[in-house]
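Chemist: Be aware that the sequence shown starts at 4, since it is given in my numbering, and climbs by one per residue.
Let me give you the structure first, and then I'll get to my questions.
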Amino acid sequence: MPFNPQVVTRDVFRPQGTLSAAVTADFQADLQSWLAATPSSLLVIDFSQVDFLDSAILVVLINAYKELQSQKRTLMLSGVSPELKIIFELTQLNQIFSIHGSPEAAFTSLENLSLAA
4 MPFNPQVVTR DVFRPQGTLS AAVTADFQAD LQSWLAATPS SLLVIDFSQV DFLDSAILVV
64 LINAYKELQS QKRTLMLSGV SPELKIIFEL TQLNQIFSIH GSPEAAFTSL ENLSLAA
């Protein structure tokens, strides 16, 4: 399945298909455009339509995470399949990224944190 991103809502970016080195430049450009156009403090990348990702895409995600952190913004992930979750666990990126079942769950978790503070 080719790379085909969607902006689901202003705060949710949903890549689709296979995210490999072959589409890294396109993925990075689309992600950066979305980040620049979205003023929200919480952004969610929904991987529910992604069947594969490789290390080149992980580098793009880490760079986006760092960029948003420097802007006091939060990047969360959702819809990560069991196969993709293994990649995040093996690379220990599950300790950096907050991973949720759905975009709604990500937004709810941040709301709950805000209420607890």
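From the three backbone atoms N, C-alpha and C, an ideal C-beta is built for every residue, glycine too.
Here the structure is a predicted model, which means the values were calculated and not measured.
Excluding the 5 residues flanking residue 87 on each side, which residues of the same chain have their C-beta closer than 7 Å to its C-beta?
Modeler: Counting from 1 along the sequence shown, the entry for residue 87 is found at position 84. Taken in chain order, the residues that qualify are 50, 53 and 56.
Chemist: So, are the CB atoms of residue 21 and residue 59 less than 8 Å apart?
Modeler: As a first step, residue 21 must be located in the sequence shown, where it is residue number 18. As a first step, residue 59 must be located in the sequence shown, where it is residue number 56. No.
Chemist: Rounded to whole angstroms, what is the Cα-Cα separation between residue 84 and residue 71?
Modeler: Within the sequence shown, residue 84 is the residue found at index 81, counting from 1. Within the sequence shown, residue 71 is the residue found at index 68, counting from 1. Each residue's alpha carbon lies about 24 Å from the other.
Chemist: Would you mind working out which of 80, 100, 94 and 95 sits nearest residue 14, comparing C-alpha positions?
Modeler: Here residue 14 is taken as the residue at index 11 of the sequence shown, counted from 1. It is 80 whose Cα lies nearest to the Cα of residue 14.
Chemist: Does any heavy atom of the ligand NAD sit closer than 7 Å to the C-beta of residue 98?
Modeler: Among the ligands in the structure shown, none appear at all, so the ligand NAD cannot be discussed.
Chemist: Considering only residues of the same chain and omitting the five flanking positions on each side of residue 91, which have a CB-CB separation below 6 Å?
Modeler: To locate residue 91, count along the sequence shown from 1; it is residue 88. The answer, listed in chain order, is 97.
Chemist: Look at residue 113 and residue 78 and say whether their C-beta atoms are less than 8 Å apart.
Modeler: Along the sequence shown, one-based indexing puts residue 113 at 110. Along the sequence shown, one-based indexing puts residue 78 at 75. Contact flag unset, no.
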